[in-house]
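Enquirer: When you read off a place in the sequence shown, starting at 1, and then add 8, the result is the number in this note's numbering. Got a structure here, written out as structure tokens. Questions coming.
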Amino acid sequence: MSEISPVVRSELAPTGKLRVGLNMSNFLLTAKDPATGEPRGIAVDLGRELGRRLGLPVELVPYPNPGALADDAGKGVWDVGFLGAEPQRANEIDFTAAYVEIEATYLVPPGSPLKAIADVDRKGVRIVVPERSAYELYLTRTVKNAELVRVKGADTAFKRLIDDKLDALAGLRPRLVTDHEKAPGSRILDGNFTAVQQAAGTPKGRPAGANYLKAFIEDIKATGLVARTIEKNNVRGLTVAPKA
């Protein structure tokens, strides 16, 4: 990668440290260290690598969900965020291309007549989905006939599917595998309704910083660092995104 200019460094870290915003609801990319309570995981490792290349200390800024992270984009509290790239968020954030992709699909309860992804968007079908997730934003744009039941968090979504006898649970495939194990007879539908594009982003108004960040993401994909970081964290269900 090219030499880092003072403009890039000042745009990406105006306070002198790189403040990395983390979506703690995505268990594939972030987790809490059970001993210290500190964030760890793929997004943390990549944020620290960016700080290392910039020659700057890193401060981790955890958020409970991607919506809260995106809401703070214009408030000057984080510099680089790791979250799903969605059009609704691009008004405030300059996104890179994706560094990983995650399939999103449906879990249906035992005895469900729904057999395929295409069966789900029908009148009378109720889909429960964690609100403000990247795939909830996608479904909000694309679902024409079914009803979306938005709730807080994946745990609540699974509970509502069972307790309220809803028709389908929308989620990331790796999470749905866990839910499937807790609901004997349930099924995960083949294929996906979208692949969530997990990217990095920086608040609007930092053009040099945004360009460097885009080059950084392409470099860590091309050199195998993303793949090695996935392996190091022993995560299943992620695919390294293709070259932009």
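Even for Gly, the Cβ is constructed at its ideal location relative to N, Cα and C. Owing to the predicted nature of the structure, the values given are computational and were not obtained by experimental measurement.
How many angstroms separate the CA atom of E144 from the CA atom of P138?
Expert: Straight-line Cα distance between these residues: approximately 7 Å.
Enquirer: According to DSSP, is I228 part of a helix, a strand, or is it coil?
Expert: Looking at I228 - three-state DSSP - the assignment turns out to be helix.
Enquirer: Buried or exposed for P14, going by 16 or more other Cβ atoms inside 10 Å?
Expert: P14 should be labelled exposed.
Enquirer: So within the segment 142–170, which uninterrupted alpha helix (DSSP H) runs reach at least 4 residues, ignoring any that extend past its ends?
Expert: Fully enclosed alpha helix (DSSP H) runs of 4 or longer: 142–150.
Enquirer: Flag this pair as yes or no: are the beta carbons of A176 and V128 separated by less than 8 Å?
Expert: Against a cut-off of 8 Å, the Cβ pair of V128 and A176 comes out as a contact.
Enquirer: What does the alpha-carbon distance come out to for the pair V52 and A162?
Expert: About 21 Å.
Enquirer: DSSP puts Q205 in a beta bridge; with which residues?
Expert: E109, per the DSSP bridge assignment.
Enquirer: Buried or exposed, going by whether 16 or more other CB atoms sit within 10 Å of the CB of D102?
Expert: By the 10 Å Cβ count, D102 comes out buried.
Enquirer: According to the neighbour-count rule (16 or more other Cβ atoms, all chains shown, within 10 Å of its Cβ), is R183 buried or exposed?
Expert: With 16 or more Cβ atoms within 10 Å of its Cβ, R183 is classed as buried.
Enquirer: Pull up the distance between the alpha-carbon of V234 and that of E57, whole angstroms please.
Expert: Those two C-alpha atoms are separated by around 11 Å.
Enquirer: Taking its Cβ as the centre, do 16 or more other Cβ atoms sit within 10 Å of A252, making it buried, or is it exposed?
Expert: Exposed is the call here.
Enquirer: If we ignore side chains and look at the alpha-carbon of each, how far apart do H188 and T210 end up?
Expert: Whole-angstrom Cα-Cα distance: 36 Å.
Enquirer: Note the first and the last residue of the continuous alpha helix (DSSP H) segment covering R56.
Expert: That run of the alpha helix (DSSP H) goes 50–62.
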